[in-house]
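Visitor: Shown below is the structure under consideration.
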Amino acid sequence: MSLVEINDTHDPDRRSWVATANEPDTDFPIQNLPLGVFSSGAGVARCGIAIGDCILDISAANSAGLFSGPAKDAAIAASGSQLNSLFALGNEAASALRKAVADLLTQGSKDEQAANACLVMAADCEMLLPAKIGSFTDFLCSDEHSKRMSPTGNLRQHYHSVPIAYHSRATTVRISGTPLRRPNGQYPGPDGEVTFGSEPAQDFELELGIFVGPGNDLGEPIGIETAADHLFGYGLLNDWSARAIQFWEGQPLGPFLGKSLMTTISPWIVTAEALAPFRMPARSRDPDAVPPAHLLDDDDQANGGLDIDLFAYWTTESMRENGAEPVTITRTNFRASYWTPAQMVAHHTSNGCNLEPGDLFGSGTVSGVERSSWACLAELSEKGTADISVGGEPRRYLEDGDEITFRGRATRDGFASIGFGECSGRILPASR
Ligand code: CA
């Protein structure tokens with residue numbers, strides 16, 4: 007498998023002349039350099055790279071003559087208002103741009119002055135969707151989540167051989183900060199009568215978002231051995247779930263209106279290369295649960311997992327009024343995933359289905375074994391039967407005014423820790 011390698015862009019001793027990029031708790035040190043789309047004063051959407059509390063305007067840096075060779079080709083692909091053209095060029099192009107930007111932003115760079123003129127303060131910018139998302143697929147990566155959500159408490163036999171997923175709704179993917187209007191829908195009321203009304207069991211799901219790179223032609227599956235070439239980058243994803251609607255409609259075809267209400271993603275795409283130091287082995291399996299051969303590759307088994315800590319924080323309206331600290335409701339790690347991202351790509355295309363640059367995967371709810379790692383409220387409230395204390399207020403699901411924020415962080419000895427920024431959303435009352 008052709009994984010991007012650890013190289014001198016990951017050197018933990020690299021320091022940036024952007025002082026805030028050198029602070030130990032920043033999400034965006036010079037070893038990260040995630041890609042996103044922003045607009046500042048004039049309101050024109052542009053592609054940028056996060057560094058400390060600033061954004062490097064890629065198009066402006068290219069116009070200033072700061073790139074050459076493959077890095078320039080990549081910068082041109084990222085000079086529009088969306089990142090799809092850069093995704094299409096793949097990880098090698100992204101790597102050339104990363105190397106050039108890392109050198110540009112390193113202390114002692116001869117181009118500091120010219121590059122400094124291409125920086126904007128992130129706080130002065132609005133973040134936008136990073137790409138035109140043509141298709142959105144949501145996987146079911148956690149066996150622990152699947153067991154707890156199953157009516158029987160058991161996994162079905164196919165779970166061990168099929169990375170289960172469904173086609174979700176791309177048009178309702180929104181950027182962090184977009185409020186969620188509580189949906190209306192059908193579900194049985196307490197008396198068993200089916201009613202149409204506001205969702206009583208609004209939930210979140212803490213997931214990793216995965217952006218597809220070049221993709222494939224219809225009828226041409228991507229083999230597991232090259233699947234990593236199509237994993238461009240990662241972000242945080244909240245698969246908002248309306249449980250009453252979902253549980254009522256869900257059989258036999260699966261989720262529809264219970265999931266298509268909205269999905270929130272974080273604005274910054276952390277590239278596969280930035281995550282190279284945080285790769286880890288795939289989940290080990292019992293001998294009777296080994297995946298089929300077309301989903302097995304030695305390199306993917308050895309290095310296809312990702313060690314990423316994921317957090318969900320909860321505030322209520324009264325907590326914010328009182329200045330209370332958010333409650334950490336979930337603390338988990340993507341190592342809980344039963345499948346690697348490469349296995350998701352290989353499985354998704356194994357029937358010939360084509361993926362396109364900018365297609366989005368949700369990993370599935372990243373729930374682990376420990377209760378503190380359960381990554382949605384249907385699990386934490388035991389399907390709405392047990393109270394959860396949020397700053398002293400009892401909850402089973404989300405109330406109007408509640409806000410959920412995800413954060414992510416990758417940490418390993420000997421490397422700079424990198425973060426994912428935020429994926430946040432607040433619940434608004436249902437429309438009548
Ligand atoms: Ca989900």
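Each step along the sequence shown adds one to the number in my numbering, with nothing skipped, and position 327 is 333. The beta-carbon is built from N, C-alpha and C at its ideal position, and this holds for glycine as well. All of these numbers come straight from a predicted model, not from anything done at the bench.
Following a CB-centred definition, is D149 positioned closer than 6 Å to any heavy atom of ligand 1?
Guide: Not so, every heavy atom of ligand 1 lies at least 6 Å from the Cβ.
Visitor: Taking buried to mean at least 16 other C-beta atoms within 10 Å of its own C-beta, is R402 buried or exposed?
Guide: Buried is the call here.
Visitor: Can you grab the Cα-Cα spacing for the pair I102 / V372, in whole Å?
Guide: Reading the sequence as shown, one finds Ala at residue 102 and not Ile. Approximately 32 Å, taken between the alpha carbons.
Visitor: Check whether the Cβ of D17 lies closer than 6 Å to any heavy atom of ligand 1, and answer yes or no.
Guide: The answer is no for D17.
Visitor: Is the segment 310-329 touching the segment 254-273 in the sense that three or more CB pairs, one from each, lie closer than 8 Å?
Guide: Cβ pair count under 8 Å is below three, so no.
Visitor: Skipping 5 residues on each side, what residues in its chain have a beta carbon closer than 7 Å to that of D149?
Guide: Within the same chain, D149 has close Cβ partners L161, Y165, Y344.
Visitor: Tell me whether E205 counts as near ligand 1, meaning its Cβ is closer than 6 Å to at least one heavy atom of that ligand.
Guide: False, no ligand heavy atom lies under 6 Å from that Cβ.
Visitor: Roughly how far, in whole angstroms, is the beta-carbon of Q113 from the beta-carbon of W23, given that I think they are within contact range, below 8 Å?
Guide: 5 Å between Cβ atoms; contact.
Visitor: Using only CA atoms, which one of N328, F210, V126 lies nearest to A48?
Guide: It is V126.
Visitor: Where does Q208 fall in DSSP's three states?
Guide: In this structure, Q208 counts as strand in the three-state DSSP scheme.
Visitor: If you scan the segment 28-67 from start to end, which runs of the beta strand (DSSP E) of 3 or more residues do you find wholly inside it?
Guide: Whole beta strand (DSSP E) segments, 3+ residues: 41-45, 51-57, 60-63.
Visitor: By alpha-carbon positions, which one of N244, G390, S423, N68 ends up nearest to F253?
Guide: Ranking N244, G390, S423, N68 by Cα distance to F253 puts G390 first.
Visitor: Quick check: the Cα distance between M7 and E98, rounded to an integer number of angstroms?
Guide: Model confidence at M7 stands at a pLDDT of 45, short of 50, so the residue's coordinates are unreliable; what they give is reported in the following sentence. Answer to the nearest angstrom: the Cα atoms are 14 Å apart.
Visitor: Listed in chain order, which residues are found with a beta carbon closer than 6 Å to a heavy atom of ligand 1?
Guide: Working through the chain, the matches are D144, E211, E213, D245, G368, G370, T371.
Visitor: By Cβ distance, which residues of its chain are closer than 6 Å to G260, with the 5 residues on each side in sequence left out?
Guide: Closer than 6 Å at the Cβ level, and outside the excluded window around G260, lie Y172.
Visitor: Alpha carbon to alpha carbon, how far is V296 from D393?
Guide: Each residue's alpha carbon lies about 38 Å from the other.
Visitor: Skipping 5 residues on each side, what residues in its chain have a beta carbon closer than 6 Å to that of S204?
Guide: So the list reads R188, N190, A436, once near-sequence residues are dropped.
Visitor: Which ranges does the beta strand (DSSP E) cover as unbroken runs of at least 3 residues, wholly within the segment 205-279, from first to last along the chain?
Guide: You should have 212-218, 237-244, 269-271.
Visitor: Could you pull the start and end residues of the alpha helix (DSSP H) that P76 belongs to?
Guide: Note, P76: alpha helix (DSSP H), 75-83.
Visitor: How big is the Cα-Cα spacing for I61 and S87?
Guide: So the alpha carbons of these two residues sit roughly 15 Å apart.
Visitor: Please report the straight-line C-alpha distance between G425 and Q192, rounded to a whole angstrom.
Guide: Cα to Cα, the separation comes out at about 39 Å.
Visitor: At the level of alpha carbons, what is the spacing between S356 and I170?
Guide: When rounded, the distance between both Cα atoms is 13 Å.
Visitor: Report the rounded CA-to-CA distance for S65 versus A80, giving the unit in angstroms.
Guide: Rounded to the nearest angstrom, the two C-alpha atoms are 10 Å apart.
Visitor: So, at 6 Å on beta carbons, what are the nonlocal neighbours of I314 in its own chain, with the 5 sequence-adjacent residues on each side left out?
Guide: Once the five neighbours on either side are set aside, the close Cβ partners of I314 are F340, G414, A416.
Visitor: Of the choices T232, L301, A27, H151, whose alpha-carbon is the least far from that of V168?
Guide: Nearest of T232, L301, A27, H151 to V168, Cα basis: L301.
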